[in-house]
Amino acid sequence: MMDMDRAPAAKGLTPLLKGLLSYHGENNALFHMPGHKQDPDGILSSILGNVLNLDVTEVPGTDNLHYPEDILKASQELLTKAMRSSESRYLVNGSTGGILSMVMGCFRPGDRVLVQRDCHQSVYNAISLSGIEPVFISPGNNEEFGISTAILTESLTKAIADNEGIKGLVLTSPSYFGVSPDLQAISDICKKNGIRLLVDEAHGSHFYFGDDLPNTAMDCGATASVCSFHKTLPSLTQSSVINLGKGASEEDRERIRHYLRVFQTSSPSYVLMASLEAARFIMETRGRELLHGVKAMAEEFSESIKDIPEIRLLKNEDLNGLQKDYTRMVLNTPLNGNVLSDILRREYGIQAEMSMGNNVVFIGSCFDNEGMYKRLSEALHDLDSKGMFNESTQIGNYEGVAKLPHPVMAIPEREALFKGWEIIPFEFAEGRISAERITPYPPGVPVLMTGELICGEVLEYLKNLEGSGANILKSRSDGTRNIAVIKK
Ligand SMILES: Cc1ncc(COP(=O)(O)O)c(C=O)c1O
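Read in order, the letters of the sequence shown correspond to residues 826 to 1313 in my numbering.
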């Protein structure tokens, strides 16, 4: 047997491996995805064992994800029961593949569909590919934290009344900040109006396994939903599930299954699927108890920083009746969130999930331990004692794209991608048609689509992001002052 050990990484011959081992070696407090938090107590590995022994292909006895009849069928039936759906299936390229499949499977080209304005880019991809006509609907917002929250029932009722022939609604629950809409009321409105409800539950998989958490899409009667198990539960990155609701028609289900075969690999990883099964098993057997533990740790943390008046944690009371996930901690301070996040990592070995405006977001999960929360609380007290929170570096309003005018597509993206284009300075771009996608990360919501008419507000928004530390992902131009537009 070859004695490879980890020497190639040390010699710089395998830079990826080297980087990953180095991050692991830093022993940071992991307040970010994936939910297994590198399995500190070995619970996940004790179930999965040597993952290489699980890495097989479709041979007799291992079944077939796309046409399950045997062990995958049995495993997905157990998943279906746990998710209280009519049918739940494993996804091996994240929630993205599920979102594409549910939108493509439920709507025809040209269908008018209500879409939450600040939905994740995967929903924008689904709009682009499916040819549906999106009618955007803005979520509510919280001025103090400078964040968007969730779709409000009154906005939904108005949007349905104002737009004829709406066929469905695609919304996010919960948001990256852990805020959920009143999903039961929204589902009731959709049912009353005979429209489908598709829910991006990427951040809400754990809601199915605990108490005192926001409602789940399946319990509220949604047509379909997608959950990134990997984000908040103990499964491997990229592993997600799609849930088809009890009210979903057989026609919708059949088309969704079709698109799952289109958008997913024909060589699905058994390691990912086994990790989904392990996560479901852990959560069904111990989830309630583990989530109680997370709640207690989050509450204790919240109490422990009460003596720092400059710091605020997002709470249910801030949300006008909307519900917040207690495992998601949104910390608002006078400091630029990116600066605070950098200091926490560099000086205290604490890695947050993301930062935006004056907020830093921390993801809690069942695999956390008290030490992590204590470390975070001590770091914040230390920074406070050094006067770090005394001066405000307020960096403007970052309610994201939710407050921008709704996009106007001049040319469908698929067509726009084939047009000639040029790069011009922002000053001359108003009224032109964008020849690129522009997506500030976080939170991964496109501000401009290829083929969209460029308005002044969007340019202003992008200019303001400069210096905020946000990573502005552009597909064709570089820098923050130029933009690719379709040639006249
Ligand atoms: C709200 C939301 N929806 C969908 C996705 C896509 O999920 P995945 O990374 O599992 O494909 C993300 C990813 O960050 C997300 O934040």
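Ideal placement from N, C-alpha and C gives every residue a C-beta, glycine not left out.
Practice problem: Would you mind working out which of E1277, E1261 and S910 sits nearest N1307, comparing C-alpha positions? | Solution: E1261
Quiz prompt | Touching by the beta-carbon criterion (3+ pairs, under 8 Å), the stretch 1145–1158 and the stretch 1187–1203 | solution = yes
Quiz item: The alpha helix (DSSP H) spanning Q1009 covers which residue range?
Solution: L1008 to K1017
Quiz item: Using a Cβ-Cβ cut-off of 7 Å (strictly less than) and excluding sequence neighbours within five positions of D895, which residues of its own chain qualify?
Solution: D888
Self-check item: N878 in three-state terms, based on DSSP
Solution: helix
Quiz item: In whole angstroms, what is the alpha-carbon distance linking S1053 and I1133?
Solution: 34 Å
Quiz item: Should H1117 be listed as close to ligand 3, given that the test is whether its C-beta is under 6 Å from any heavy atom?
Solution: Annotation note on ligand 3: not contained in the displayed structure, which lists ligand 1 as its ligands.
Exercise. Could you give the DSSP three-state label for T982: helix, strand or coil?
Key: helix
Quiz item: How would you label F1243, buried or exposed, when you count the other beta carbons within 10 angstroms and need 16 or more for buried?
Solution: exposed
Exercise. Kindly examine ligand 1 and report whether one of its heavy atoms sits closer than 6 Å to the Cβ of H945.
Key: yes
Quiz item: Taking all protein chains shown into account, do 16 or more other C-beta atoms lie within 10 angstroms of the C-beta of A1049, making it buried, or fewer, making it exposed?
Solution: buried
Exercise. Alpha carbon to alpha carbon, how far is P1250 from A1235? Give it in angstroms, no decimals.
Key: 20 Å
Exercise. Can you tell me the Cβ-Cβ gap for D1077 and G1196, rounded? I've got them flagged as a contact below 8 Å.
Key: Not quite, the Cβ-Cβ distance comes to about 46 Å (not below 8 Å), so this is no contact.
Exercise. Might you give, ordered along the chain, the residues of its own chain that have their beta carbon closer than 6 Å to the beta carbon of M1179, omitting 5 neighbours on each side?
Key: V1186 and P1267
Quiz prompt | Exposure label - N1215; buried when at least 16 CB within 10 Å | solution = exposed
Quiz prompt | Identity of the residue in I924, F1034, G919 and R1200 nearest A1344 by Cα | solution = Here the chain comprises residues numbered 826 to 1313, so residue 1344 is not present and cannot be evaluated.
Practice problem: Please state whether DSSP places K1313 in a helix, a strand or coil. | Solution: coil
Practice problem: Consult DSSP for N1141 and reduce its assignment to one of helix, strand or coil. | Solution: helix
Quiz item: Measuring from the CB of S900, is there a heavy atom of ligand 1 at a distance below 6 Å?
Solution: no
Quiz item: Which term fits Q941, buried or exposed, when burial requires 16 or more other beta carbons within 10 angstroms of its beta carbon?
Solution: buried
Exercise. Assuming D1066 and R914 form a contact by the criterion Cβ under 8 Å, report the distance between their Cβ atoms to the nearest whole angstrom.
Key: Position check: residue 1066 holds Val in this sequence, whereas Asp was assumed. The pair is a contact, with the Cβ atoms about 7 Å apart (cut-off 8 Å).
Practice problem: Give every residue of the same chain whose Cβ lies closer than 7 Å to the Cβ of M826, excluding the five residues on either side of it in the sequence, and list them in chain order. | Solution: With a pLDDT of only 44 at M826, under the threshold of 50, the placement of this residue in the model should not be trusted; the figure read from the coordinates follows. Same-chain partners within the cutoff: there are none.
Exercise. In angstroms with no decimal places, state the Cα-to-Cα distance between D1037 and N1141.
Key: 12 Å
Quiz item: Does the pairing of the stretch 934–951 with the stretch 1010–1029 give three or more beta-carbon distances under 8 Å?
Solution: yes
Self-check item: 4 or more residues per run - each alpha helix (DSSP H) lying fully within the stretch 896–979
Solution: 896–908, 919–931 and 946–955
Practice problem: Kindly list the residues whose CB is nearer than 6 Å to the CB of L904, restricted to its own chain and excluding five residues on each side of it in sequence; keep chain order. | Solution: S913 and R1105
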